[in-house]
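Peer 1: The numbering of the sequence shown is my numbering, which starts it at 2 and goes up by one.
Idealized CB from N, CA, C, for every residue including glycine.
These numbers come from a predicted model, not from an experiment.
A single structure is presented below for examination.
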Amino acid sequence: MGAWQILAGLGLLFLILEMTVPTLFFLNFAVGAFVTAVCSIYIINWYALVLIFVAVSLVSLVFLRPMLVKKTQKNQETGLASKYIGKVAKVIETITPDSGVISIYDERWEARSDHEIPQGKEVVIEKNDSLVMYVKERE
């Protein structure tokens, strides 16, 4: 069995680990193993191959992982931010700095605003604090 086959198998093993434990950690070692497998076609010395594997894996860990983590976190926006913030709701009880109610997605939410917004107006949700939505009048 050639060195490239062993390294390619190691790369596949790291990919399988990454699929079972999606931390974007083992992916770096898979990249290192595949790059080293290609290099092993031209380089016979195992010490050099180990050095290439470690170097490529570290470079991948330092540069590739932060970019991928940032991208996946941006795509996985969940909770109130993705469902409510920036959306339009209807005022069903006049909103003041101390009280008020809005309706969005057939749900009833407590709402607050820095100025009074009468019943029937449309508002945009700016932020939330626990179960209270902070809104501004829709322009």
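1) By the DSSP assignment, the beta strand (DSSP E) with TYR135 in it spans what residues?
2) Quick one: what does DSSP say VAL89 is sitting in, helix, strand or coil?
3) Please tell me whether VAL92 and ILE105 are closer than 8 Å, where the distance is taken between their beta carbons.
4) Counting Cβ pairs, one atom from each stretch, are 3 or more of them under 8 Å apart for the region 57-70 and the region 11-29?
5) Please go through the same chain and pick out, in chain order, the residues whose beta-carbon is closer than 7 Å to the beta-carbon of SER41, but skip the five residues on each side of it.
6) Which of helix, strand or coil does DSSP assign to SER61?
7) Among all the DSSP beta bridges, which residues are the ones paired with ILE118?
8) In whole angstroms, what separates the C-alpha of GLU138 from that of ASP107?
9) So, for LYS88: in the same chain, excluding its five sequence neighbours on each side, which residues have a beta-carbon less than 8 Å away from its beta-carbon?
10) If TYR135 sits next to SER114, beta carbons under 8 Å apart, how far is it from one beta carbon to the other, in whole angstroms?
Peer 2: Taking the structure as given:
1) Here residue 135 corresponds to residue number 134 of the sequence shown, with the count starting at 1. Its beta strand (DSSP E) spans residues 133-138.
2) Looking up residue 89 in the sequence shown gives position 88. The answer is strand: DSSP assigns VAL89 an E or B state.
3) Numbered from 1 along the sequence shown, position 91 holds the residue referred to as residue 92. Numbered from 1 along the sequence shown, position 104 holds the residue referred to as residue 105. Cβ atoms of VAL92 and ILE105: not closer than 8 Å.
4) Note that the region 57-70 touches the region 11-29; at least 3 beta-carbon pairs, one per stretch, sit closer than 8 Å.
5) By 1-based counting over the sequence shown, the position of residue 41 is 40. Around SER41: ALA4, TRP5, LEU8 and LEU50.
6) Within the sequence shown, residue 61 is the residue found at index 60, counting from 1. The answer is helix: DSSP assigns SER61 an H, G or I state.
7) Start at 1 with the first residue of the sequence shown, and residue 118 comes out as number 117. In DSSP, ILE118 forms a bridge with ILE96.
8) What you label residue 138 is simply residue 137 of the sequence shown in a count that begins at 1. What you label residue 107 is simply residue 106 of the sequence shown in a count that begins at 1. Their backbone Cα atoms lie some 19 Å apart in a straight line.
9) As a first step, residue 88 is located in the sequence shown; it is residue number 87 there, counting from the start. Non-local C-beta neighbours of LYS88 in its own chain, meaning closer than 8 Å and more than five positions away in sequence, comprise ILE105, VAL125 and ILE126, ordered along the chain.
10) Taking the sequence shown and counting its residues from 1, one reaches residue 135 at position 134. Taking the sequence shown and counting its residues from 1, one reaches residue 114 at position 113. With 8 Å as the limit, TYR135 and SER114 qualify as a contact, their Cβ atoms being about 7 Å apart.
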